[in-house]
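I have placed the structure first, in the form of structure tokens, so that the comments after it can refer back to it.
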Amino acid sequence: IVEVDQEVRLEDVQRLRDGVVISTPVQRDRVRRIITARTLPCRADKVGPRTLEIVLQEGRNRQIRRMLDHVGYEVTALHRVEVMGLSLHGLRRGEWMPCSAREMDVIQRCLDAGAETEEDEGEGVESDED
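Converting from the sequence shown to our numbering requires adding 10 to each position, the first position being numbered 1.
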């Protein structure tokens, strides 16, 4: 859920849905660079005069803030309500609760997928460590 500094126009909601071009700083192996690319299409709905609900397929650093800046809005409040399909409903800032077996399965699959990606990226790289 995102609150912005001015009333949201429906044509801007459609632009967000379609994807906008943003620049994101990234750092890998101590090398910092800027990546400029179009965001993937997302679900964006106007739920109040200055309030949007946005669901991303990806989550680049500060992506929602950068997307809204691109279409002329400043984010005044941003509330994450779900991560990787896991609901944060009912939790207040700083609060936590144990994960269910299903939620732990989702988390483990994501960790496994990330480990596979790191292994693939490391192929063919020589190392001094044995």
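For glycine and all other residues, C-beta sits at the position ideal for the given N, C-alpha and C.
Cα-Cα separation between residue i and residue j, rounded to whole angstroms
i: Arg-72; j: Arg-25; result: 18 Å
i: Arg-70; j: Val-41; result: 17 Å
i: Gly-82; j: Val-23; result: 11 Å
i: Ala-125; j: Gln-118; result: 10 Å
i: Arg-75; j: Gly-100; result: 24 Å
i: Glu-113; j: Leu-96; result: 7 Å
i: Arg-19; j: Ala-87; result: 18 Å
8 Å contact criterion, which residue i and residue j should meet: CB distance rounded
i: Ile-64; j: Val-116; result: That pair is no contact at about 21 Å.
CB of residue i within 8 Å of CB of residue j, strictly
i: Val-30; j: His-80; result: yes
i: Glu-17; j: Arg-60; result: yes
i: Ser-33; j: Thr-49; result: no
i: Cys-4; j: Met-94; result: No answer is possible for residue 4: it lies beyond the span of the chain, which begins at 11 and ends at 140.
i: Arg-27; j: Ala-54; result: yes
Under the three-state DSSP convention, the category residue i falls into
i: Val-18; result: coil
i: Asp-140; result: Unreliable placement is indicated for Asp-140, whose pLDDT of 39 sits below 50; the coordinate value is still reported in the next sentence. In the structure shown, Asp-140 sits in coil (DSSP, three-state: anything other than H, G, I, E or B).
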